[in-house]
Amino acid sequence: MIEQGAENEIIESVEVDGGELGDGADSAREMAQLLAIAKEIDGAQVVPLTEDEQARIDESERVAAIDNAAADAFEAQYEQAVAMGIDALWTTAAPNWKLEEAELTPMAKLTKMVIDKHFPNAAEKMGPEVMLGMIALTAISSRVAAGIPPRGEIKAKGGEDEQTH
């Protein structure tokens with residue numbers, strides 16, 4: 016911003032040095048005009064937005080908020096699906112060792128990060144396939160944990176003495 020009185024000094028210096036560049040009066044006038052424009056710009060106030068401009072801005076902010084909420088919901092669902100898959104795998108592999116929530120949550124977050132690293136956009140590209148696998152794995156692990164064999168007869172619990180009588 017140009018201080019008060021400084022423009023007069025600049026105009027005078029242009030008039031003094033103007034002989035070298037050509038007509039000093041023209042240069043002084045141009046400099047005065049530029050200084051006036053600069054002063055207007057420095058003192059300019061922001062013009063309020065029109066109703067249409069404000070409506071467009073509000074709409075774009077609303078759409079961005081919806082998109083962000085949808086992305087956050089998708090990430091939460093994706094992480095929950097990964098957690099279900101880890102829990103199902105863990106239950107199948109080690110039925111006596113139940114994962115606590117404090118163990119499952121960080122394991123799910125890190126597994127999701129590994130999946131995203133090695134298979135970018137996997138949940139978007141293969142969403143139904145991943146969910147089908149998770150549900151099938153959950154169904155299988157619950158039956159394995161209950162001791163139900165995939166084939167053959169299901170043996171009654173209670174021992175052979177109860178069946179022979």
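The opening position of the sequence shown corresponds to residue 16 in the working numbering, with each subsequent residue numbered one higher.
Every residue gets a Cβ at the ideal spot worked out from N, C-alpha and C, and that includes glycine.
- Rounded to whole angstroms, the separation of the alpha carbons of residue 101 and residue 119 is 8 Å.
- Closest by C-alpha distance to residue 91, out of 106, 67, 124 and 66, is 124.
- Taking C-beta atoms as the reference points, residue 94 and residue 127 count as a pair closer than 8 Å.
- Taking each of 52, 39 and 160 in turn and checking the Cα distance to residue 109, the smallest one comes out for 160.
- A residue is called buried when at least 16 other Cβ atoms come within 10 angstroms of its Cβ; residue 103 meets this threshold and is buried.
- Annotation: residue 64 to residue 147 spans about 51 Å, alpha carbon to alpha carbon.
- Counting only runs that start and end inside the stretch 65–120, the alpha helix (DSSP H) elements of at least 4 residues fall at 66–108.
- Note on geometry: alpha-carbon atoms of residue 86 and residue 167 lie some 46 Å from one another.
- A direct Cα-Cα distance of roughly 15 Å separates residue 152 from residue 163.
- When secondary structure is reduced to three states using DSSP, residue 56 falls in the helix class.
- Taken atom to atom, the span from the alpha-carbon of residue 105 to that of residue 98 is near 10 Å.
- DSSP places residue 159 in the helix class (H, G or I) of the three-state scheme.
- Burial is judged here by how many other beta carbons sit within 10 angstroms of a residue's own beta carbon; residue 79 has fewer than 16 and is exposed.
- Residue 134 and residue 145 have their alpha carbons spaced roughly 12 Å apart.
- The C-beta of residue 84 has fewer than 16 other C-beta atoms within 10 Å across all chains shown, which makes the residue exposed.
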